[in-house]
Structure formats: C-alpha cells, structure tokens
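Residue numbers (our numbering): 303 to 951.
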RNA sequence: GCCGGAGUAGCUCAGCUGGUAGAGCACUCGCCUUGUAAGCGAAAGGUCGUCGGUUCGAGUCCGACCUCCGGCUCCA
C-alpha cells in the first residue's frame, strides 16, 4: 500500500504498516525521533496502523504543539502513576494536557492534604518512571470488563466516565469497547494518543495544586487538581519558567502598588481606592471616552446608584440577579444598589414622549455599579465589586438595529486601536436563567450573528453565556499570564423595553416598542486599566502617564531655574514634577526610571544659562538638549497624538 | 461560594524544635551640592491579620473569623 507524505511524495509500505514502520521507511533517525503520527489530520499513536492511501505526518520533538501535547499527556499519566504509588487509596479522575502544561484531578483519601510542599516527593517518584522509560501500551477492553475492572479497583470516577461514554454515544455507533493505556504499574482509561514511552518526557515540573469540581459541577465532589508542565528539552522548560517570571513583573497588582496607582483595603474587598496617579490615568481614559462618545452622537447622563426594589422587580434583576446585589432597608423601603445602569436609563427615556424622529437616542454614562461577586473570584482590578462602566444604552427602532450594532463595533475597534489591542470576539447566546420568549431570543441572536457575519469578523460561539435579558457580542483580552477577560460588550435587548413599557410614536402615529442596545466598550475602567497596565508593563504612553516629566536640578542653585521650567511646561498643559531633593543626579534618575516616568529633564549651569533642558527618555536615555519651548512642543504633540511614543512593548 | 496555601515595619523578606521581634530599602533629621540607574551618617518605626484557646510563657501550637494568592464554580 502507499501513504502520502507532507511533501506530496507517495511512499510504498507493507500492508498493515504502523506509523513507526512509515517513519522507519523514511529513515532510521526519524523512527528514533518519532513521538506519534498525524493520519489524515488526526493525531495518533506511533504504533497505530496506517490505512492505505492515508496522508501521514511523523510527529517529532520539532513538531511544535503536537509534540508538546503528546509529552504533556504522557506526563499527566506519569503524575498519576506517582500519586497512586505514594498515596494508596487515592481515586483518579481525569488528566488532560492543557495550554501550558497538564493536570490530573485526584480524590485523596480522607485526611490527606496535598500542597506544593509535596511536589518534590511526587516529582522524584515521577522521575523514576521517566527514567525507567516505560512503554505506553494501548489495549481495548469490552465496556463490561472495563467497568468491572475499575469497580474492583475502587475507581468510581472511571466507572462513571465509562458509563457516560456508553450513555452519550451516538445510537448509530454504540460504544462497545474502551481503550486503556498502561505504562509500568499504571493503567488508565484513556482515548490516547501517547508518545511511545515515558522517557520522551525530557523536562517537567509540577507547578500548582488547586481544587476543582468533579466534571466542573459545583454541586459535586471537590477534587484536588495538580498542575504541571512538560517540555521536550530542559532549555524549553527553563525558558517557560523565565517567561512566567517576567509575566509576574508586569502583574497589574504589583505595578499598581509600585507606581502608586491604586490600593485595596480589607474593609472594602473588591473595591479599588484610586490614588492620585491612578485617578489621573483614569481621568485621561475617561476624557478619551467622552471625546469619542460626543463624536458619535451620544449624550452623557448620570443616574442614581440606589433604587427601590420595585425597579429591580420590573427589570427582572430581582428574579434573576438578586444574589449578586446589595440591598438595604430605609424607612421600611427595600432599596438596592444598581448592578447595571440599564433600568435607570429607561427612566430617562420614558420621562418624555418619544417620536421616531428622535431615534436613535444614545445615552452614555460612566456609571458606577456594585455587584456582589463571590469572594473567591475577586482579582485585583480585573474582578471587582465596585465597577465603573463606560456604559451606554441606545434606544432605536427594530430597523435601526443592524446599523447601530455595526456602529458599536466600529466604536469599540476604534478605542482598542488606540492601544494596539486586538480583542477576541465572542457571541454569547441565551443562558439558562433568562427572561423573555424563545421567539425574542431567536430574533436577537440572529441579529447579532448577522452583524458579525456581515463584516466577516471571526468569532467564537459562547453558548449559554448571554445576559439574562438578551444575547451579546463580547470583546475579550488576555492578561499577562494568559487569562482571558471580557472587556467590551454589545447586547441586544427586546425585553427591558417591554418590561418598562417603552414606546415611541411612529410615522403612522401609532405607538411602537423601541429596541435597547446595551454597550460598554472598555467594559469597565477598572478591568480595562488592569489590562492596560499589564499591556504597557506600567510604561504608559505620554498621554496616559500620570506624571509626564520630572525636572532634575543638579544642585540646589538650579532649583529656581527648575521651577521656572516646570511652570512653563505646566502652562503648556503638561504634568510635571520637580525633584529638588538634595540627592545626586544619579539617584534622581534611578528613581525616575523606576517610576517609569516618560521624560527626565536634567538642568544645571549649562541649561540655566542657555534656557534649555537636557532631555532623557525613559529606557531610551539621553535624546537631546533643547530649548524648553522645543521640548514643550515635542511633548504636547506626543500627547495630542495619543500615540504610545514607542513605549509599548 | 468551594479546595489548597499565605498574612511579621510603608515595601521586600529573616525569625530552628514555644523563652516577650530583626535586615535591606523607603520615611525623618544631619552632613555632602552633586552632570545621566543607589553619596555618607544618625534616629525613628511593629497590638507579629482579628478574636479565642493550650501553656509558667505564643510571632511560633490549636480553633474560629477576616483578607490576600493559585485554581474551580460563577462572571448577569
């Protein structure tokens, strides 16, 4: 028979040849290096038979993700092997490879707690199995036998997995057998594939331990998940750990403290305190948002943060969202802090009679909302309870929906472009806890999908993750260590206009129901700034930098001149400090560099005589000695352009 | 909310098996008057997250709670 190789050549191999046979036919060296194969696009064991005419690709350490996937999958099994030996009575569940490594979930016997202090011991045991270079052997077992086997071993989770496999199978292709993989003393229920043997894991490390619900279900058993990572060389592992270390340096929580941007207090968990520097940055961002809103036909409003529960009953929040809201009793009335601005905006809408000629009406609000996020989910600025949204609600006719949604997307991309962000798009559809009719959801979901498709934008379908009142298009960004966060959102809502009885008078002089579009582009200033800090690693573009320049007099006698320079620059609209402490220039520069201040202006006898400043740019070093006015022009132009001035990394 | 870990000076961290707290940097003061990433010296600074327990004695051991960190669930 023949197989197709990636370079389009055909290779003659004996009937029934395995992947290894194919590799051998190409070369002995390749056969030794082979970890697995891709057959017609599917990753398989090296030992798997190859069908006649198949396209076969040999996976080696140089195959990138395929190779990592195999080795990490292997490492997960080796982890389970070690844990089974060290902790008799442990029950195993699942252990897949993931983005940066792998994990395995265990149910340890009562009283056994595993922490990272145990990693050394577990890793040592894992090393033994890697060194032994145990072969991964695949076998197939009839379902009944497999269940019996795992039941006998007390591996209840495996039994449940097999039973579910059988139950959820396509009736046309019932599951009759399951595959097992054995390495050394350990056998696991596993679909595969695996590399030929444990010795192919050239470098691994356990990284963390965490709780994880069995099958991701919060009502079920909490298992212990051990995370690790594995690579094809020690250098790759070292490089990976190095990257993690670098990522930690740009963690917004660390930079927020170091750069004096914000702080937290135990007395108000999940609520940032903006310090002057952080507030300055937030103000600049708000100014950008205001400018852009004004350009696009939005009118800014501000609404109260606390309302009678009646409002929340009418909006649906009371029924669906109460758990996440803060309530208080005042003179016998139940009042709730707003978790969203939408009901408030409907009040303004319905305060007047509206004509079709008025639509679309676009209200924007830097709205302050409070949500009682579960304590375990709070995370710096990225998950807070005190949220300032760059919110807006558009009231329009059904016909106007497509254009308004497009405008929102355009607006979002325009904002993200300022920072060089490339968000990932998601379309989130009807959730389980929802309001409104199925027909309404069909209509709304179709409208959003069409908006994305019309522009050919790639997006992910996130089923069941919509808002309770309507589907949404979300813009996601990742933080410094690769966690994804939702920022912007555009939500289509037919429900709330109905609930609040919103109307407009049409050209036919009859009353009609408007449609509401909820949209936040940055999402919240808190989360957006968190991402921004990590994106810039705290080295903000000039327009955002809380302090844009610091004047550094060389000796006390230059303080007067330094003050005059600062005054001139402030008059030009720049945010300038003078460091007139009796410290050395070296020290002042070092500290300014650590504060990541964009410009340092050194002034001494020479500069005072000539009316100049010696300009040093953060990271770049000395760039010029120029008249104060020239520097002012340089800096104000940079600010006006809202460019990153080359500081983004 | 759930599982695990952690909480010592403003920050980063020491403090062995219980014997009433220590360093560097920062802050304050003094000297130095400085030319592109740390000048020198002195003083000061802590209810060891909170509350309770064990003990002659608790930063250290035990319990509860709070907050933070890593995940899980959740993220309207």
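Note that the Cβ used here is the ideal one computed from N, Cα and C, for glycine as well.
query, result
"Element boundaries [alpha helix (DSSP H), containing residue 855]", "Per DSSP, residue 855 belongs to no alpha helix (DSSP H); it is in the beta strand (DSSP E), 851-855."
"Entirely enclosed alpha helix (DSSP H) segments - the region 735-814, minimum 4 residues", "740-756, 797-801"
"Boundaries (first-last residue) of the alpha helix (DSSP H) holding residue 522", "No alpha helix (DSSP H) contains residue 522, which DSSP labels as neither H nor E."
"Burial state of residue 920, where buried means 16 or more other Cβ atoms lie within 10 Å", "buried"
"For residue 309, the three-state DSSP class (helix, strand or coil)", "coil"
"The region 771-779 contacting the region 726-737, beta-carbon criterion three pairs below 8 Å", "yes"
"Check: residue 605 C-beta below 7 Å from any heavy atom of the ligand ATP", "No copy of the ligand ATP occurs in the structure displayed, which carries no ligand at all."
"Residues of its chain near residue 620, where Cβ-Cβ distance is below 7 Å and the 5 sequence neighbours each way are ignored", "611, 614"
"Run of the alpha helix (DSSP H) containing residue 385, from where it starts to where it stops", "367-388"
"Same chain, Cβ closer than 7 Å to residue 738, five either side skipped, listed in chain order", "771, 796, 797"
"Span separating the alpha-carbon of residue 425 from that of residue 536", "15 Å"
"Segments assigned beta strand (DSSP E), at least 3 residues, entirely inside the region 555-586", "none"
"Contact the region 439-457 vs the region 399-414: 3+ CB pairs below 8 Å", "no"
"Rounded C-alpha distance that separates residue 589 from residue 760", "31 Å"
"Bounding residues of the alpha helix (DSSP H) (the contiguous stretch that carries residue 488)", "No alpha helix (DSSP H) holds residue 488; the beta strand (DSSP E) holding it covers 488-491."
"Alpha-carbon to alpha-carbon, residue 542 and residue 416", "25 Å"
"Given 8 Å, three or more beta-carbon pairs between the region 859-872 and the region 822-831", "no"
"Buried versus exposed, by CB contacts within 10 Å (16 or more), residue 941", "buried"
"Closest by C-alpha distance to residue 466, when choosing among 700, 517, 322, 436", "517"
"6 Å Cβ shell around residue 793 - same chain, five flanking residues per side excluded", "769, 772, 774, 820"
"Residue 857 burial status per 10 Å Cβ neighbour count (16 or more: buried)", "exposed"
"With 16 other Cβ atoms within 10 Å as the buried cut-off, status of residue 783", "exposed"
"Residue range of the beta strand (DSSP E) that includes residue 903", "901-905"
"Contact check, residue 486 vs residue 431, beta carbons under 8 Å", "yes"
"Residues near residue 538 by beta carbon distance below 7 Å, same chain, minus five either side", "505"
"Collapsed DSSP secondary structure at residue 503 in the structure displayed", "coil"
"Residues near residue 572 by beta carbon distance below 7 Å, same chain, minus five either side", "675, 680, 686, 687, 688"
"Alpha helix (DSSP H) segments (min. 4 residues) lying fully within the region 818-885", "827-838, 861-873"
"Contact check, residue 587 vs residue 563, beta carbons under 8 Å", "no"
"Three-way DSSP call (helix, strand, coil) for residue 688 in this model", "strand"
"With 16 other Cβ atoms within 10 Å as the buried cut-off, status of residue 475", "exposed"
"For residue 704, the three-state DSSP class (helix, strand or coil)", "helix"
"Span separating the alpha-carbon of residue 949 from that of residue 500", "For residue 949, the pLDDT reaches just 43, beneath the cut-off of 50, and the residue's location in the model is therefore unreliable, although a value from the coordinates is still provided. Using only the alpha carbons, I get a separation of about 45 Å."
"Length of the line joining the Cα atoms of residue 606 and residue 650", "12 Å"
"Test item: CB-CB of residue 361 and residue 370 under 8 Å", "no"
"Start-to-end residues for the beta strand (DSSP E) that takes in residue 479", "479-485"
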